[in-house]
Each structure stands twice: as structure tokens, then as C-alpha cells.
Amino acid sequence: MNGIDCPTGCPFIAPRDVALDFPVGMVRAVASTQEPGPGEVDETKRNVLKLLAVAGVVAAGAGGAIGGALQYARPPVVGLSSYPKTQLIDVNGSALTVDRVMKEYSLTTAGAIFIFNYPLQNEPNFFLNLNPTTLPVLGGIGGPNQVSDPTKAQGPIVAFSAICQHLGCVPPAIAYYPPGTCPAFTPSGKNGSMKFYIHCSCHGSTYDVTSNANPLTGPTLYALPQVLLETDADGNIYAHGMASLDGVPINGHIHNLQGGYGVGNSQQLYKDTPTILCP
Ligand code: FES
Numbered sequence: 001m002n003g004i005d006c007p008t009g010c011p012f013i014a015p016r017d018v019a020l021d022f023p024v025g026m027v028r029a030v031a032s033t034q035e036p037g038p039g040e041v042d043e044t045k046r047n048v049l050k051l052l053a054v055a056g057v058v059a060a061g062a063g064g065a066i067g068g069a070l071q072y073a074r075p076p077v078v079g080l081s082s083y084p085k086t087q088l089i090d091v092n093g094s095a096l097t098v099d100r101v102m103k104e105y106s107l108t109t110a111g112a113i114f115i116f117n118y119p120l121q122n123e124p125n126f127f128l129n130l131n132p133t134t135l136p137v138l139g140g141i142g143g144p145n146q147v148s149d150p151t152k153a154q155g156p157i158v159a160f161s162a163i164c165q166h167l168g169c170v171p172p173a174i175a176y177y178p179p180g181t182c183p184a185f186t187p188s189g190k191n192g193s194m195k196f197y198i199h200c201s202c203h204g205s206t207y208d209v210t211s212n213a214n215p216l217t218g219p220t221l222y223a224l225p226q227v228l229l230e231t232d233a234d235g236n237i238y239a240h241g242m243a244s245l246d247g248v249p250i251n252g253h254i255h256n257l258q259g260g261y262g263v264g265n266s267q268q269l270y271k272d273t274p275t276i277l278c279p
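Just so you know, we're using this note's numbering here: the sequence shown kicks off at 1 and counts up by one.
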């Protein structure tokens, strides 16, 4: 028999006089285990190698992307384990003493605010001398004890976080307003008639600086955290901690000591010009 040698009784392939026209070369290239002849290319092997090469590139890229994603998914924990004792330095570079503050930092007129960072480099605080005042100021130094205690009435020198507890506006949008800055605004705080307050022009929150920066007007619900101050025997002023009487940390922080780098053992005050928008 010519053509395919079909056994007797083969039901499917009828005897033919010519070879069947299968694409023999292609079939062998895909399915055969034979090695290709000279000049021939094994498409199967080449395709497999191409596939492996592409898979390797994809895997490497995916590995890099995952590694990069993990790097940013796990931010480094930056912060401090305890409050530093930080000496405050004058805007001119000399040590800040109680005597100097009482003579040069009486903030009775609008136009300047003094700020220092504590306990982290990205946490501004107001430095305030409410003198002259006849009112006792909770937690202030400048009195006989010279160590601030937010539960006791002491001197007029106080420091509060300058990050608004509503949505986090910072100076100059939030600023200290000395008495008389906005005559039509007469908030009644714990020490009512003195009207020393901090006002945030972002949404109108007002804080009573003669009463631990408790809210006078909303929308804030929380007081500004207070910086604890103390002096040494020479009257040099140090920040040594923070107190949030309502238990709420500085806005934007899970903990007052986390989210930035510490300020170290000294920190210089700087002056800023406030944005004054009367409530
Ligand atoms: S951020 Fe200060 S009142 Fe809203």
C-alpha cells in the first residue's frame, strides 16, 4: 500500500496514493523530542526560554516594588523615650533668664509672638510672659517656686503648644492676642476680664492662656498642651516636659514624643509676626 500504512480494518484513514499533507515541520517543532537539524530552530525551547526570561524580569520588578512598598509601609519609629531638659535661648543667642523675660518679654501689645520647638523639632510652642498681670497664672514660672505645675497658681511666664488642637494650624495663623487687640471681643474665661488669649484664625478657636489654654470658643474641643518650665539657681529657663490636662496629645501626634526628632539640650526662641483677625 502507498501512503500511510494502515492496518487492516482501520476505520478512519482510507488508503491513498499520495502522502497526507500534514505540516510535518511544524508538528515536529512543537511536539517532537528530536533535536532540530542543522539550521533549524527549536521553537518550543526558544519560547520556553523567552517565557522564563520575561518571568524573571517580572519577578525582579515585582520584588523591587514589594520591597519598596514594604520600606514605606513600615515607617521608621522616630521620637524620644522621655522628655528632654532643654535650656531656652534668647532670640539674640544668650541664655533666657527670668529677669530678662520680665524686662524684655512683656507681651502687652500685638505684633510679635515668640516661639520655640519642644520636645520635637516640628512642634512649635508659644513662649508668653503675661506680665503685667495681677492674676495668678496656672503653671507659670516667674514666681517664688520657679518650677511650673499646671495644677497650681504661680508666675506669669507660660508656654503652650502653638499647634491648634482643632485641625493643626500653626503660627502665624494661630497667635497670641494681648488684651485690647480686639476690643469688641470680650471672652469670659476663668480669669474673665483680663482677656489674654490665643486665637486661631483658621476656624476661630480661642484659648484662655490664664487657665491652661482651655478653650474659650470652638470649634476646638481640647486645650493646648502646656510646656512645663523650670529655672536653675541663676534663673536660666528650661523646658522639661508637657502636660495635657485633658489627656489629649499635641494635634497630629499619637504621642507627644513620637513623630519627629528631639530638640536636644538647648533651643533658641524665634520671633514671628502674627496674623491678627479679630473674632
Ligand atoms: S485649625 Fe484652628 S480653629 Fe481650626
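A virtual CB, placed ideally from N, CA and C, is assigned to each residue, including glycine.
These numbers were taken from a predicted model, which means no experiment stands behind them.
Query	Result
Beta-carbon contacts of GLY111 that lie in its chain and below 8 Å, excluding the five residues immediately before and after	THR273, PRO274
Cross-strand partners of ILE174 (DSSP beta bridge)	CYS200
Per-residue burial, ILE141 [other beta carbons within 10 Å of its own, 16 or more giving buried]	buried
Any non-hydrogen atom of ligand 1 closer than 6 Å to SER161 Cβ	no
LYS271 - DSSP class collapsed to helix/strand/coil	strand
Secondary structure of VAL137, DSSP reduced to three states	strand
Minimum C-alpha distance to PRO172 - residue among PRO84, PRO119, CYS202	CYS202
Sequence-distant residues of the same chain with beta carbon closer than 6 Å to MET242, five excluded per side	PRO225, VAL227, ASN256
The beta strand (DSSP E) enclosing GLU230, as first and last residue numbers	226 to 231
Start-to-end residues for the beta strand (DSSP E) that takes in VAL158	157 to 161
Residue environment, ILE113, which counts as buried when at least 16 other CB atoms sit within 10 Å	buried
Inter-residue CB distance, HIS253 and GLY259 (contact presumed, cutoff 8 Å)	5 Å
LEU167: CB within 6 Å of a non-hydrogen atom of ligand 1	yes
Start-to-end residues for the alpha helix (DSSP H) that takes in ASP99	98 to 104
Own chain partners of GLY25 with C-beta closer than 7 Å, once the 5 adjacent residues on each side are dropped	Its pLDDT being 46, under 50, GLY25 is placed unreliably in this model, and the coordinates cannot settle the point.
Straight-line Cα distance separating TYR270 from VAL91	5 Å
Outcome for ASP208 when other beta-carbon atoms lying within 10 angstroms are tallied against a minimum of 16	buried
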